[in-house]
Amino acid sequence: MKILLVHCDYIEYEGKKKAIKTAEEMDTEKKRVEECLVVFTSAEDGDDRAIVDKTVESIKDVAGQVKANRIVVYPFVHLSSNPSKPVVALDFVKLIEEALKKDYEVHRSPFGWYKAFELKCKGHPLSELSREIRPGQEEKKKKQTRGKIILDRRNLPPTDHRILGDELGIFHLSDDIGSGLPLWLPNGETLRNTLIKFMREMEEKYGYKYVSTPHIVKGTMYEKTGHLPYYKDSMYAPIDIEGEDYYLKPMNCPHHHVIYNKMVKSYRDLPLRLAEPGMTYRNELSGVTYGLIRVKGFTQNDSHIYVTPEQLKAEFIKVLQLFKEVYEIVQIKDYWYRLSLPDFKNNPDKFTGDPKEWEHACEEIRAAMKEFGTKFVEESGEAAFYGPKIDVQIKNTLGKEETIATSQVDIVVPKRLGMYYMDADDKKKAPIVIHRAILGSFERTIAYLLEQTEGKLPTWLAPVQVKIVSITERNVDMVKEIFEKLFENGIRTDVDIRSNTVEYKIREAEVQKIPYIVVIGDKEKEAGTLAVRKRGQKKVEFGVKPEKFIDDVIQEIKEKR
RNA sequence: GCCACCGUAGCUCAACUGGCAGAGCAUUGGUUUUGUAAACCAAAGGUUGGGGGUUCAACUCCUCCCGGUGGCUCCA
Numbered sequence: 001m002k003i004l005l006v007h008c009d010y011i012e013y014e015g016k017k018k019a020i021k022t023a024e025e026m027d028t029e030k031k032r033v034e035e036c037l038v039v040f041t042s043a044e045d046g047d048d049r050a051i052v053d054k055t056v057e058s059i060k061d062v063a064g065q066v067k068a069n070r071i072v073v074y075p076f077v078h079l080s081s082n083p084s085k086p087v088v089a090l091d092f093v094k095l096i097e098e099a100l101k102k103d104y105e106v107h108r109s110p111f112g113w114y115k116a117f118e119l120k121c122k123g124h125p126l127s128e129l130s131r132e133i134r135p136g137q138e139e140k141k142k143k144q145t146r147g148k149i150i151l152d153r154r155n156l157p158p159t160d161h162r163i164l165g166d167e168l169g170i171f172h173l174s175d176d177i178g179s180g181l182p183l184w185l186p187n188g189e190t191l192r193n194t195l196i197k198f199m200r201e202m203e204e205k206y207g208y209k210y211v212s213t214p215h216i217v218k219g220t221m222y223e224k225t226g227h228l229p230y231y232k233d234s235m236y237a238p239i240d241i242e243g244e245d246y247y248l249k250p251m252n253c254p255h256h257h258v259i260y261n262k263m264v265k266s267y268r269d270l271p272l273r274l275a276e277p278g279m280t281y282r283n284e285l286s287g288v289t290y291g292l293i294r295v296k297g298f299t300q301n302d303s304h305i306y307v308t309p310e311q312l313k314a315e316f317i318k319v320l321q322l323f324k325e326v327y328e329i330v331q332i333k334d335y336w337y338r339l340s341l342p343d344f345k346n347n348p349d350k351f352t353g354d355p356k357e358w359e360h361a362c363e364e365i366r367a368a369m370k371e372f373g374t375k376f377v378e379e380s381g382e383a384a385f386y387g388p389k390i391d392v393q394i395k396n397t398l399g400k401e402e403t404i405a406t407s408q409v410d411i412v413v414p415k416r417l418g419m420y421y422m423d424a425d426d427k428k429k430a431p432i433v434i435h436r437a438i439l440g441s442f443e444r445t446i447a448y449l450l451e452q453t454e455g456k457l458p459t460w461l462a463p464v465q466v467k468i469v470s471i472t473e474r475n476v477d478m479v480k481e482i483f484e485k486l487f488e489n490g491i492r493t494d495v496d497i498r499s500n501t502v503e504y505k506i507r508e509a510e511v512q513k514i515p516y517i518v519v520i521g522d523k524e525k526e527a528g529t530l531a532v533r534k535r536g537q538k539k540v541e542f543g544v545k546p547e548k549f550i551d552d553v554i555q556e557i558k559e560k561r
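Numbering (my numbering), first residue to last: 1 to 561.
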């Protein structure tokens, strides 16, 4: 809405001729109004009732300032380069007129006519004013974020990964980025990537092939796999690309299945083990995201193993072996297995496919568990829609049970996608897929690692493995020299050569839970040795030769992982 | 998403019944050159999560939104 306000001695106007078909039928005789505020109005495209109210307020404001109690409302489309439709504009003019009538003597010129007019402006500073009334900015302001996320720490133990994650510079949540979308800080990314590299080494040792797949995928893929009805709620709204729906992937399976189709022709190609640290996105409800344990975008330590029915049990045992080996090294403790089976009696609709194949799959993995000798609990109704699974369960610092990892048998989707291999008997057969994530998601695993270790990560995982501290400025050269040596040997090292007391620097390094603190003072400089303090140990080892220290650290990293 | 509680400086917390927003740590600038968990001085740091309301006066009361915590549901 645009308005022009003119405080006049008088105005004279008369309607001459209709300018538009929908011109108002009213008295168009010549009128003269003395001592008045003339309000030329032009409603614009997009104006609404709220704008009309604001316009009235604005007119009242000016009328009050110039002390006018007589107002002439004068429709004047030429104020705007983007006028609204005449019907709307007339409606608004009438609304303004009505609203003003409560407090003022109001006159109005006809709408939709060519008009002749003459007026005498008073010429004082407030006698000519124009106003543009636009939609308020309140709505925009409402959406402003604070830019940070305040954690309510009062009832959290200091070993909660959200507190440790902040103190150790692992991750950061910002309201500007969005809840459930963690940013990995340098220390955190070092940790995350160390785990990713470690898993890759382990998996390649076990015969896995690494692949890489894009983050979005056509919606038609999920229609084919049958995931859509089961998964739509936890998927983000599709992105329209040239008229086609694409989804952020909530899982990596379909991508890997397409790779299977490209690679596998014969039973001789099986088992095929595809692996990827695959980033997936799930639309989590606002009340459930927290820290790194429940997030909206996360990296699965994902793999799909394609097998013949005969290979299922043996392959499953290999998966269990990998679980055990990895968990021992990474030191995930106090976990247990849950065998999640279907509940055909009470909830048959949740599970699809051939009951005989379900039975086979359930029997095989139960047998695999027994043969491998792992204890487990069975729970019916917890299976996936496409097959039975085992989940690795763990308790968080608050004692709540969570699933940290999973391995699922899929007897449904391969058939649905028409995946096959030529068997030895010259018949096309559908493979069985074992979906498995040993470390589940790296996000969740890192959360539990932080909590279980109280932030005292083993040296091979620690983002900073060694901190070198100088005592005085005289020792800075040697600090730099030792740093270079450690760096060349691939040891992640920080230096602290600030002019603080040794006590201060030691305290800071201990708070950061760095495995080794190396102190260099005049004595060390003279002897060419190091004073080494292990994390949490007050006893300091003096006179350590740099070469020995480096060897020891490298040896520890080798042994403990 | 639902129910309950909560939101003050980067962090931990003060601020009486509604009455001038304040410390410690961290940061920055100086001083200090230190021997294994906190040297000294100074400065800077805020639209009290945001909008609206009540009031002479709002961190404080009301209301809507945003965010967090616990639980439910769901999940890796």
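Glycine included, each C-beta is placed from N, C-alpha and C at the ideal position.
query, result
"Proximity to Leu312 [Cα-Cα], best of Ile51, Thr280, Glu276 and Met369", "Met369"
"Euclidean distance between Cα positions of Tyr222 and Leu228", "5 angstroms"
"Nearest residue (CA-CA) to Ala116, options Lys94, Glu98, Thr55 and Lys30", "Lys30"
"Three-state class that DSSP yields for Asn193 in the structure shown", "helix"
"Sequence-distant residues of its chain with Cβ nearer than 7 angstroms to Arg192 (five each side left out)", "Trp184, Phe442 and Ile446"
"Option nearest Gly455 by Cα separation, candidates Val495, Asp552 and Leu168", "Leu168"
"Under 7 angstroms between C-beta atoms of Ile497 and Ala509", "no"
"Three-way DSSP call (helix, strand, coil) for Asp45 in this model", "coil"
"First and last residue of the uninterrupted beta strand (DSSP E) at Arg533", "Leu530 to Lys534"
"Cβ-Cβ distance between Val326 and Met202 below 7 angstroms", "yes"
"Segment limits, alpha helix (DSSP H) that includes Thr220", "Gly219 to Thr225"
"Cβ-Cβ distance between Pro388 and Leu341 below 7 angstroms", "yes"
"Beta-carbon proximity list for Ser234, same chain, < 8 angstroms, skipping 5 on both sides", "Pro250, Arg282, Asn283 and Glu284"
"Coil, strand or helix - Trp358 by DSSP", "helix"
"Residues bridged to Glu315 (per DSSP)", "Answer is none; Glu315 lacks a bridge partner."
"Sequence-distant residues of the same chain with beta carbon closer than 7 angstroms to Cys8, five excluded per side", "Cys36, Val38, Leu119, Lys120, Cys121 and Lys122"
"Where the alpha helix (DSSP H) containing Val560 begins and where it ends", "The sequence given here has Lys at residue 560, not Val. Run containing Lys560: Pro546 to Lys560, per the alpha helix (DSSP H) assignment."
"Closest Cα partner of Val307 within the set His435, Glu25 and Tyr104", "His435"
"Whether Leu126 touches Val72 by CB criterion (7 angstroms)", "no"
"Residue range of the unbroken beta strand (DSSP E) whose run includes Pro277", "Leu272 to Tyr281"
"Chain-order list of residues whose beta-carbon lies under 8 angstroms from that of Leu100 (same chain, five-residue window excluded)", "Val56, Ile59, Lys60, Ile71, Val73 and Val106"
"Given Tyr421 as reference, the closest of Lys54, Thr190, Met263 and Cys253 once Cα atoms are compared", "Met263"
"Gly297 to Lys560 span [Cα, whole Å]", "31 angstroms"
"Under the three-state DSSP convention, the category Met422 falls into", "strand"
"Leu5 beta carbon near the ligand COA (any heavy atom closer than 6 angstroms)", "This structure lacks the ligand COA; in fact it carries no ligand of any kind."
"Secondary structure of His107, DSSP reduced to three states", "strand"
"Close Cβ partners of Ile390 (< 6 angstroms) along its chain, the five nearest in sequence each way excluded", "Tyr337, Leu339 and Ser407"
"Backbone CA spacing between Glu473 and Thr529 [nearest angstrom]", "17 angstroms"
"C-alpha gap between Gly373 and Leu320, whole angstroms", "10 angstroms"
"Cross-strand partners of Pro75 (DSSP beta bridge)", "Thr41"
"8 angstroms contact criterion, which Thr213 and Gly291 should meet: CB distance rounded", "About 27 angstroms; that fails the 8 angstroms criterion."
"Option nearest Pro254 by Cα separation, candidates Leu272, Lys224 and Arg268", "Lys224"
"Candidates Val476, Ala527 and Ile554, of which the one nearest Glu488 by Cα", "Ile554"
"Secondary structure, alpha helix (DSSP H): runs of 4+ residues fully inside the segment 416-476", "442-453"
"C-beta atoms of Val211 and Leu274 nearer than 7 angstroms", "yes"
"Straight-line Cα distance separating Arg444 from Leu181", "13 angstroms"
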